[in-house]
Structure formats: structure tokens, C-alpha cells
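In our numbering, the protein residues as written are -14 to 566. Using N, Cα and C, we set each Cβ at its ideal position, and we do this for glycine too.
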RNA sequence: GCGGCGGUCGUCUAGCUUGGACGAGGACGCCGGCCUUCCACGCCGGAGAUCCCGGGUUCAAAUCCCGGCCGCCGCACCA
């Protein structure tokens, strides 16, 4: 019964989305292509409003240390070699269930079975591996967990076919690659958050589930950089002390638990349930953001990935799940502790120094023993051989030389040389250290905009008495106000048109409608989630007042036209304008 | 990618088994007009469908057969 209803709801929602213009399959006239969707007029506005709300939560509210940038969709191959995406996304991978080593499944089959395996699908590979009884070449353990990693869209940059490029599968690499520049622009202060909103592409094997799994979609990501020696997050205590997150931990899952439990902010850190305090903080922000899309706390939780499920760059990952009518719990965001993986890899591959220099409050003084060589004495002693001896001595580090000298009594033996110890003197020097270099750690909350669009619609969708009402939070509504003349008579129409234009000039998104009965027009507006409907009636013509109708309660209040904008503005912020009047 | 099921005006659907009277019917929506002081349920009229695409069988295909595309479900996969 429940399931039948739920399926019904999904179908009605998809129908509504197509009919009224939220979204539909792209390239429809050519039969459509799986994984690509157009957003219609309402869908585009709703998505933009969701993005704006994300900006408010993640950037505007943290503007002193979180900034937004924009980087290209196409990147040269080198970037994804460094990021690990090429290695981890392009081939079928199988792992040893015992020692956890990973192998390219096609290479294993070629090497151990002598069968050309390139281009084979998983089923064929698995068949051969089973038939030929291929085991782990390292420990002899059983193989399993065969997976594809082939999500990167390939292209060429310019006219040279060897100049390969890829469409980014996440916006994150743009933030890592340009980290140093942004860090300098932000006057070299940490912590620093770099955010980006943009299109990404993943060549999914088999995208389904409507707009939930796309080959091209919009991602909203924050890469948050901080000093691993100072992982503390003061904002967490300030803002979320005593508040709780619903989490299903990997630990609980391995014990067979299926229900999330509630954890307090400080408990999560003190008990080291979540490895990075800043990750906890952004998960709380994410909880509130998704809540403000109209999703209650009980309809969401964080699901920790099991160790073997972690992406190549992650030390710990939590997916934020939201309950929807058809598919149960679906992921709307990922929260990863990326450690220093990405920056370290870009340092390695680019040869650039992306590390951060941290100045100590006071320079620390380091006492160090240093070997002083009596070069003039050595020259006299060794005469013609002095140049080759000096070359050897200069190639040795201070530590190594110190060790040899200190362990010798009278004669220091280096290579073929026997050097009297008196030519070496060990002195103690003081070295001032002004600071140190380190690679920041990164935590990353990452949201899929189209999934948020879907869950927002799913939770807003209500039916009563055979009519559909999209109970979107007013501040998300694509159309904010509807203006209706009660009757389609000239004097009503003229007045309604006048108010319509006035509201447009004042910045609202407004529709005007005079066709059909008034009830039909209310219903049409309810269906696309217009929160407020203004009706021009007989009394309007007498005293310049109009009614404002509330979408959810259908209640009306009467206000003066001159106060209309002010009241609507309040209503759109989410204040209840129907109570106090 | 594999298997099952499906694809008819904008939407939902009738017809398909047993090929022909289908010039593809209906409802909702849309457009125009009339009537009307408040929640799609007053009346009249109109537009709107190469029956997903391609090929085949046949005198004749929405209907039967083959292939493709897309969707749903299951398996596999899933930053």
C-alpha cells in the first residue's frame, strides 16, 4: 500500500515536472540520451534559488575565510594523473579480499590466463577469473570486488591529438591546482575555504533514476584547507554545542546496525568518531542547509562509508542521505576528509611548492653539532689527493660526517683515506628556526545540485482533494507571486495589470492569469508552488486593498496596495504574514 | 552491460490477442467566445497524433517479425 502510493507520487511528480517545465529528458526530438536532462523555466529558477541558498550557508555566512572561484571544465590529462582519477577511473579493478591489494583485472587476465582481455566487460572478466581460478599474485588470496573506473569524458585540446584533455568529474581539482594563488590573494591565512559551483561530467555506465543520476550535472563544493597541527574548530562549539547529528557509522554498520544514531558535536570529536573537527562543523552546516530546503531532520542522516568503499583520496567519508518517495535513501552530498592527498599529489606531479609556510610566534632555537674541517691542514697532509678527498667530504651530510667523526678515536676512516682526528673539530651551533612548511589538510563537503532539486520537489509535493500543491519554502519558489482579477472584466483586468507591473518593477517574480475560474487559477499556481496569490476584487476598486492568499492554508488577508511589497517581502523570507495581521 | 516489461495528441489513456470500416476514440490541459464576486467540477466552439525510429512480412500494419533508441524493474556497477 505504502509503496504503491509512493510510486504513484513519483510518477505524478515527473509528470508535473515535464508538464509545467521543471525538467525533461534532453534531445527529446532525437529520441533522448540517457543521463542528460534539460531544466525548464521553473527548474532553472528553482535550481538557481537552491544554489543561492547554498552560497548563503557556505560562503556568505563564512565570508571572512571562505571564497568562491571559477575554473575550467576541461583540464589537461596531467591534472587527472596527479589527482589519481585517471588511474582510479579508467580500468576494471579487482582486489584481493585477503591482502587488499588491487589489480587491473584485464592485466591479470592477460598475464595469468594468457587471454587478450582489453575491452572485455566485467562479466567476461569475472567468468575468466573464476574459470581459470585466478588468485592474488601477492598472497594467493581470493579475488573479488570487481569494479569499473571509467567515468572520465575524454577530449582533445587544440588540433593535436596527443594533447589529451578530460572533462572534470568534480570541481575540486580546480581549487587544489589554484590553491597557492587563492591562498596568496587571501593574504596567506588559514583556515581557508575555496568554493566552486559548476558543471561536471561523468560518463556513467548506466544512468537511471531520472534526474538523480546524470552524466552532466552541477556540483557545489567547498575545499576547506587548515593546519593539521591546529585541527580545532572554534565555530563548532560556538554554534553547535549540544546539537546533534544523525549518523550511521561504519563501526555500527560492521556490527550489523542499520539505523542511524544521534551524536553530539563534541562527542563526535572527543570520541574521534569523525577524524576532523572541521568536517563535523561543515556537516552541521549541511544539515541546516538541507533542512532549509524543506526536509525535516528525521528525513536525513549521514552514512559513513566503509573503509573499502572510500575513494582513493579519502581518509573518511560520510554521505548525507535524504529520504525520497521512490528510492528510499539517496545521497545528496558527500563529506570527505581528503587529508593532504590532493595537494601532495599536485606538488609531486607539478614540481611546484604548494606547501604553506607557517611563521612561529617566536623563532625556536635549535642546538646543533657541526663538524668543522681544517681544510688548510688537510691540504698539507694529503697534498695531491686533496681534491678527491674534498669532493668526498663535501658530498657527505653534516649528520653523516658527525657520526663517523664521533665514533672514531684517533683516525677517521673515510673511503680509502685515513685522516687524523685532529683535522676535525665538533662545535655546537645555535640555529634559529622562524617557521616551518607544511601541506594543509582538506575537508570537503560536496553537493549535487540536481539531486537537491529533486529532493526539494519530492518533499514539497503534496496532494489534497485531487489537487497538487508544491509546498516549497517561499524563498525557493520559482514564481513568488500570482496576480488574479477576480472577474475577467475590464476594470478588474486593468487594476490587476497595474499591480502586476508594479510588483515586477519592484523585483518580484510574478505571473498574471485571468483565464478560467478563480479556483482554477489558484490551483494552477499551487501546482508550481507560488506561495502568494493576490486577488483584485470589488473592494479593490473601492478602497485600494487586495487580498493575499496563502498557498498552504488557503487563508486570505486583506492589505493596502501600498503595503503589498513590504508584506510580500517578509513572507518570502519565510516569516508568517498571516498571523499578526 | 545482461534479463523482463513497456513506448498512441502537451498529459493520461482506448484500440494491439484474432491486421481491413482507425480519415486513430475519450478525458484532462491548451486557445477563442459567453456566463459569473473567491478555490480546478456553468455553457459553446477550436487547434492539437508522421501511432518512438529504421527495416521486413502483407493487397493492406498502431496491430505481426527483426534491429535500434528511450523509459521502468531486477542483476551488475555507482565520485
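Query, Result
"C-alpha gap between residue 41 and residue 460, whole angstroms", "12 Å"
"Identity of the residue in 350, 408, 70 and 53 nearest residue 61 by Cα", "70"
"For residue 63, the three-state DSSP class (helix, strand or coil)", "helix"
"Distance between residue 497 and residue 63 (C-alpha atoms, nearest Å)", "53 Å"
"Cβ neighbour criterion (16 or more within 10 Å) applied to residue 404", "buried"
"Euclidean distance between Cα positions of residue 280 and residue 35", "13 Å"
"Continuous beta strand (DSSP E) stretch holding residue 521: start and end", "517 to 521"
"Simplified DSSP assignment, three categories, for residue 269", "helix"
"For residue 452, the residue or residues it bridges with in DSSP", "449"
"Residue 150: first and last residue of the uninterrupted alpha helix (DSSP H) it sits in", "Careful: residue 150 lies outside any alpha helix (DSSP H), inside the beta strand (DSSP E) at 149 to 152."
"Beta-carbon proximity of residue 499 to residue 452, cut-off 8 Å", "no"
"Residue 456 beta carbon less than 8 Å from that of residue 535", "no"
"First and last residue of the uninterrupted beta strand (DSSP E) at residue 157", "Here residue 157 belongs to no beta strand (DSSP E); instead the alpha helix (DSSP H) covers 157 to 162."
"Anticipated Cβ contact below 8 Å, residue 0 with residue 9, distance rounded", "Wrong, their Cβ atoms sit about 11 Å apart, outside the cutoff."
"Simplified DSSP assignment, three categories, for residue -1", "helix"
"Distance, residue 290 Cα to residue 260 Cα", "13 Å"
"Cβ shell of residue 235 (< 8 Å), same chain only, five flanking positions each side left out", "289, 290, 291 and 292"
"Inter-residue spacing [alpha-carbon to alpha-carbon] between residue 483 and residue 468", "10 Å"
"Residues that residue 413 bridges to, as DSSP identifies them", "354"
"6 Å CB neighbourhood of residue 213 in its chain, flanking five on each side removed", "426"
"C-beta contact flag for residue 160 and residue 201 at 8 Å", "no"
"Cβ neighbour criterion (16 or more within 10 Å) applied to residue 410", "exposed"
"Residue closest to residue 300, alpha-carbon to alpha-carbon, out of 176, 258, 333 and 192", "258"
"Buried versus exposed call for residue 562 [16 or more other C-beta atoms within 10 Å across all chains shown]", "buried"
"Residue 321, DSSP secondary structure in three states", "strand"
"As assigned by DSSP and simplified to three states, the class of residue 637", "Since the first residue shown for the chain is -14 and the last is 566, residue 637 is missing from the structure and cannot be characterised."
"Neighbourhood of residue 378 by C-beta distance below 8 Å, restricted to the same chain and skipping five residues each side", "358, 386 and 399"
"Pair within 8 Å by beta-carbon distance, residue 107 and residue 131", "yes"
"Own chain partners of residue -14 with C-beta closer than 7 Å, once the 5 adjacent residues on each side are dropped", "Per-residue confidence for residue -14 stands at a pLDDT of 27, beneath the threshold of 50, marking its modelled position as unreliable; the derived number appears in the next sentence. Contacts found: none."
"Residue 170 versus residue 338: straight-line alpha-carbon distance, rounded", "17 Å"
"For residue -13, three-class secondary structure by DSSP", "Note on residue -13: pLDDT 32, under 50, position unreliable in the model; the coordinate value appears next. Of the three classes helix, strand and coil, the one that applies to residue -13 here is helix, per DSSP."
"Local conformation of residue 198 per DSSP, three classes", "coil"
"Own chain partners of residue 432 with C-beta closer than 6 Å, once the 5 adjacent residues on each side are dropped", "205 and 318"
"Residue 566 classed as buried or exposed, judged by whether at least 16 other C-beta atoms fall within 10 angstroms", "Note on residue 566: pLDDT 47, under 50, position unreliable in the model; the coordinate value appears next. Per the 10 Å Cβ criterion, exposed."
"Beta-bridge partners of residue 535, as assigned by DSSP", "517"
"8 Å contact criterion, which residue 263 and residue 424 should meet: CB distance rounded", "Not confirmed; about 16 Å, so no contact."
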